[in-house]
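Going by the UniProt record's numbering, the residue at position 154 of the sequence shown is 154; the numbering climbs one at a time, nothing skipped. Built from N, CA and C at the ideal position, the CB exists for glycine as well. As the structure is a computational prediction, the values presented were derived from the model and not from experiment. Below is one structure, written out as structure tokens; the observations come after it.
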Amino acid sequence: MTINFRLKSLLMISAALVLTAALSLTAYPDLAEAKSAQGKLYLVGLGSGDPDNMTIRAHKIITKADVILGMKYVEEKYKELFKGKQFHDAGHMLFVDKSIKVKGLDKKRLNRLGSPEKLKARQEKIRRIVRESVAKGKIVAVVAGGDPMLFSPHTGFLEEFADLKPEVVPGLSCFNAANAALKVSPNKGYASHSVILTSTMPARMGYKGKDTLEALGKTQSSMVFFTMRLDLPAVVADLKKNYPGNTPIAIVLHAGYRDREKVKIATLDTILDQLKDKKLPFEHLIYVGDFLK
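As structure tokens, then:
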């Protein structure tokens with residue numbers, strides 16, 4: 001009898017606690033929403049070139065996302081996929097990782113955004129959007145073209161929101177797309193079987209890093225340039241300190257776009273004359289190495 005009485009008492013107390021919790025969630029709908037689902041933050045690579053170069057996984061994440069953050073050109077390019085979702089401008093390098101601050105590149109970012117005050121205001125806005133959305137159980141996707149971890153403007157989100165345990169969804173890099181356009185494997189060189197991926201920064205005047213083009217070129221490895229703020233004459237001049245003048249150079253334009261993709265082939269001796277004063281589009285990669293022979 002005593003055991004049955006105690007059991008009944010425990011069941012009544014448990015039922016009362018469940019009812020109290022249910023009433024609390026009803027009284028505070030925001031809390032109920034937050035408790036009902038687990039929010040998530042993703043950094044998603046959209047791939048390079050045509051939209052169908054996006055991975056199936058990336059498409060699935062974006063389809064179920066409630067909030068999208070990305071650059072303005074991304075919103076226009078994928079407007080059908082983003083339809084019905086909240087879209088917010090993520091800016092360019094709105095949040096930066098520690099390496100950028102150490103290298104002293106943060107000043108250029110401030111100049112581009114106008115002032116420290118404007119930067120702080122934009123950061124606070126995005127922080128609020130991300131954290132409130134995840135707290136309410138929503139899916140937030142920060143989207144970036146190509147590979148989100150390779151010369152991407154949004155890797156700083158991973159440090160800024162590390163406590164939310166963001167997940168990275170890989171994407172097809174313009175490097176992968178350009179390799180397909182060339183139809184030649186860059187690791188099949190004669191002097192070297194290595195491939196160096198770099199930017200054109202090491203060719204700029206005043207660069208203080210250990211990875212100058214002269215230093216990188218000593219092995220005559222195949223070299224691939226992601227061409228942000230390209231100074232092609234400076235790049236060619238530095239490369240010719242180690243590579244023979246007849247070393248092939250390829251410029252891949254609009255890699256991954258079936259209707260626009262083009263490849264220009266020359267040598268270090270002839271490329272500047274071949275291009276003359278032609279302005280290269282933003283979307284191009286440069287390959288250098290005897291693998292192109």
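In the DSSP assignment, residue 143 falls within the beta strand (DSSP E) that extends over 139-144. When the Cα atoms are used, residue 39 and residue 134 turn out to be separated by approximately 4 Å. The segment 176-186 makes no contact with the segment 62-75; the number of CB pairs closer than 8 Å stays below 3. Counting C-beta pairs with one atom in each stretch, the segment 279-292 and the segment 221-235 have three or more that are closer than 8 Å, which means they touch. In the structure shown, residue 163 falls within a helical segment according to DSSP collapsed to helix, strand and coil. Taking the Cβ atoms as the reference, residue 147 lies roughly 6 Å from residue 170, within the contact range of under 8 Å. In the structure shown, residue 71 adopts coil according to DSSP, grouped into three states.
The segment 252-264 makes no contact with the segment 211-225: fewer than 3 CB pairs, one atom from each, lie closer than 8 Å. For the 8 Å CB-CB criterion, residue 221 and residue 195 form a contact. Residue 66 is positioned such that its CB atom lies no closer than 8 Å to that of residue 79. Beta-bridge annotation (DSSP): residue 118 is not paired with any residue. In chain order, 245 place their CB closer than 6 Å to the CB of residue 269, counting only its own chain and leaving out the 5 sequence neighbours on each side. Between residue 249 and the set 293, 124, 92, 198, the nearest pair of CA atoms involves 293.
Its Cα nearest to that of residue 266, the residue 290 stands out among 91, 290, 154.
By the neighbour-count definition (other C-beta atoms within 10 Å, threshold 16), residue 116 is an exposed residue. Residue burial annotation: residue 94 is buried, with at least 16 other C-beta atoms found within 10 angstroms of its C-beta. Residue 173 carries a coil assignment under DSSP once its states are collapsed to helix, strand and coil.
Shown here, residue 87 sits in a strand according to DSSP, grouped into three states. It is roughly 23 Å from the alpha-carbon of residue 262 to the alpha-carbon of residue 45. The continuous stretches of alpha helix (DSSP H) do not include residue 65, and DSSP gives it neither H nor E. In the structure shown, residue 223 adopts extended strand secondary structure according to DSSP, grouped into three states.
Within a 10 Å sphere around the beta-carbon of residue 155 sit 16 or more other beta-carbons, which makes this residue buried.
The Cβ atoms of residue 130 and residue 161 lie closer than 8 Å to each other. In the same chain as residue 257, and ignoring 5 residues on each side of it, the C-beta atoms closer than 6 Å to its own belong to 49, 50, in chain order. The C-alpha of residue 163 is placed about 44 Å away from the C-alpha of residue 279.
Taking 8 Å as the cut-off, the beta carbon of residue 122 is found no closer than this to the beta carbon of residue 145. With 16 or more other CB atoms across the displayed protein chains lying within 10 angstroms of its CB, residue 217 is buried. CA-CA distance, residue 207 to residue 214, rounds to 12 Å. In chain order, 179, 291 place their CB closer than 8 Å to the CB of residue 185, counting only its own chain and leaving out the 5 sequence neighbours on each side.
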